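>
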Amino acid sequence: MKGVLLSGGTGSRLRPITHTGPKQLVPVANKPVLEYAIEDLKEAGVTEIGVILGHKGREEIQELLGDGSDYGVEITYIVQGNPLGLAHAAGCARDFVGDDDFVMYLGDNILKQGIAELVESFERGDYGAGIALQEVDNPQQFGIADVDDDGTVTQLIEKPDDPPTNLALIGIYVFSNEVFDVIERLEPSWRGELEITDAIQTLLEDGHSIDSHVVRGWWKDTGKPEDILEANRLVLEDDHLEREGRIAPEATVEGRVALAETATIEDGAVVRGPVSIAANTVIESGTYVGPYTAIGSDSTLEGVHIENSVVIGESTIETNGKIVDSLLGRGADIGRADDDLPEGRRLVVGENSQLKL
Numbered sequence: 257m258k259g260v261l262l263s264g265g266t267g268s269r270l271r272p273i274t275h276t277g278p279k280q281l282v283p284v285a286n287k288p289v290l291e292y293a294i295e296d297l298k299e300a301g302v303t304e305i306g307v308i309l310g311h312k313g314r315e316e317i318q319e320l321l322g323d324g325s326d327y328g329v330e331i332t333y334i335v336q337g338n339p340l341g342l343a344h345a346a347g348c349a350r351d352f353v354g355d356d357d358f359v360m361y362l363g364d365n366i367l368k369q370g371i372a373e374l375v376e377s378f379e380r381g382d383y384g385a386g387i388a389l390q391e392v393d394n395p396q397q398f399g400i401a402d403v404d405d406d407g408t409v410t411q412l413i414e415k416p417d418d419p420p421t422n423l424a425l426i427g428i429y430v431f432s433n434e435v436f437d438v439i440e441r442l443e444p445s446w447r448g449e450l451e452i453t454d455a456i457q458t459l460l461e462d463g464h465s466i467d468s469h470v471v472r473g474w475w476k477d478t479g480k481p482e483d484i485l486e487a488n489r490l491v492l493e494d495d496h497l498e499r500e501g502r503i504a505p506e507a508t509v510e511g512r513v514a515l516a517e518t519a520t521i522e523d524g525a526v527v528r529g530p531v532s533i534a535a536n537t538v539i540e541s542g543t544y545v546g547p548y549t550a551i552g553s554d555s556t557l558e559g560v561h562i563e564n565s566v567v568i569g570e571s572t573i574e575t576n577g578k579i580v581d582s583l584l585g586r587g588a589d590i591g592r593a594d595d596d597l598p599e600g601r602r603l604v605v606g607e608n609s610q611l612k613l
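With the sequence shown counted from 1, adding 256 to any position gets you our numbering.
1. Between which two residues does the alpha helix (DSSP H) harbouring V353 extend?
2. Could you tell me which whole alpha helix (DSSP H) segments of length 4 or greater appear in the segment 410-492?
3. By Cβ distance below 7 Å, which residues in the same chain neighbour G559 in space, the five residues on each side in sequence not counted?
4. Our contact map puts E500 next to E517 with C-beta atoms below 8 Å; I'd like the distance itself, whole angstroms only.
5. Does the segment 361-380 touch the segment 465-477, meaning 3 or more C-beta pairs lie closer than 8 Å?
6. Looking at E498 and the ligand PLP, is the gap between the Cβ and the nearest heavy atom below 7 Å?
7. The beta strand (DSSP E) spanning F358 covers which residue range?
8. Counting only the same chain and skipping the five closest in sequence on each side, list residues whose C-beta sits under 6 Å from that of I551.
9. Could you check where the alpha helix (DSSP H) with H311 kicks off and where it finishes?
10. Can you tell me the Cβ-Cβ gap for N365 and D477, rounded? I've got them flagged as a contact below 8 Å.
11. Looking at the secondary structure, which residues open and close the alpha helix (DSSP H) in which S377 lies?
12. Taking the alpha-carbon positions, what's the M257 to Y429 distance?
13. Exposed or buried, N488, counting other C-beta atoms within 10 Å across all chains shown (16 or more means buried)?
14. Which whole-angstrom value describes the C-beta separation of A343 and D454, a residue pair presumed to lie in contact below a C-beta threshold of 8 Å?
15. Which word fits K415, buried or exposed, when buried means at least 16 other C-beta atoms lie within 10 angstroms of its C-beta?
16. Looking at the strands, I want to know which residues DSSP matches up with Y333.
17. How about A293 and Y361: do their beta carbons lie closer than 8 Å?
18. Am I right that L290 and S325 are in contact with their C-beta atoms under 8 Å? What's the rounded C-beta distance?
19. Between the segment 299-308 and the segment 328-338, do at least 3 Cβ pairs fall closer than 8 Å?
20. Hey, quick one: how far does the alpha helix (DSSP H) through H344 stretch, first residue to last?
21. Does any residue of chain C bring its CB to less than 8 Å from the CB of I590?
22. Measuring alpha carbon to alpha carbon, tell me which residue in I590, G585, P444 is nearest L281.
23. Compare the Cα-Cα distances from L497 to each of A519, V531, L297, E482 and report the closest residue.
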């Protein structure tokens, strides 16, 4: 079985963070979202992976992933070009997949339990497709699956007004190669795209059984800033965090803290985990880093109170202000303002931005 990892899209819901880079490289707990998908594929035994590229961020993604050898996989790059729908993206991988079955994984997804059970269930049966599902509170906003007692899908409905279940498609699929013939027959939806739900529904109507697997652990689509922060919180809550860097004698460090070998927490700084601090970052005196915060590499923090936030990296934050529930782009420079400002601001700051707080 092969893997098809979707890494295109414009990332419009994450602007201004994605004005200068792909959404799949935004870090969660100091690891790009795309790497979690590759780890899930490898854990499920899928080591030949085709990465679908769009117009934006091709070079950055290729520079990060290379040939895949650093991750123990083999990567082939496939250019989709204009984003014409998930089914169109899948169709672009036809030559790469050949006669094999394949997993299609949306590269901005992150989930706790991985995909091994979904893959194994598909391989045990004779299915045209398998889909990962999760129970949601707002099924009207998702593609919804109706399933029988055995987990076999009986119907797919896109954003129904009266959903028959609350089982939403979460963006991870397994397909037989017969789906490629179906994709060639699809007509664009009202959005002008080839919809993957239409492809699966057509497989169903053609007489193919569709397997399903309900994901019981957490799952996040990291398409919006608040999703990035929530995913960061969930990963930090679960991860094993190791302190490898330097902690000065008069620093206060409590709870679980991942401290990279070349990172430093200086005297007079306070860090309360769970927190992740990446390479070459310095937490200086008078700084408070609170729970569920990830500080990216090559950053300096001085005097700030920050918590439940993500600093992507290469940033300088020198302010006595309080930053909470915030996503700060790479190269953000936040200094001190002359006037007193309200405390506890929530920020979404784009790359290389300069602010005074």
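Think of the CB as a built atom: it goes at the ideal place given N, C-alpha and C, for glycine as much as any other residue.
Here the structure is a predicted model, which is why all the values come from computation and not from measurement.
In short:
1. 350-353
2. 435-441, 452-461
3. Within the same chain, G559 has close Cβ partners G542, T543, E574, T575, N576.
4. 4 Å
5. yes
6. Only the bare structure without any ligand can be found here, which leaves the ligand PLP out of the picture.
7. 358-362
8. I533, T537, V567
9. From DSSP, H311 is part of no alpha helix (DSSP H); its letter is neither H nor E.
10. 6 Å
11. 372-380
12. Across the structure, M257 and Y429 are spaced so that their CA atoms are roughly 12 Å apart.
13. With 16 or more Cβ atoms within 10 Å of its Cβ, N488 is classed as buried.
14. 7 Å
15. exposed
16. The partner list for Y333 (beta bridge, DSSP) reads V307.
17. Less than 8 Å separates the beta-carbon of A293 from that of Y361.
18. By a beta-carbon distance limit of 8 Å, L290 does not contact S325. Their separation comes to about 16 Å.
19. yes
20. Looking at the DSSP string, the run of the alpha helix (DSSP H) that includes H344 is 342-347.
21. This model lacks chain C altogether, as it is built from one protein chain only.
22. G585
23. V531
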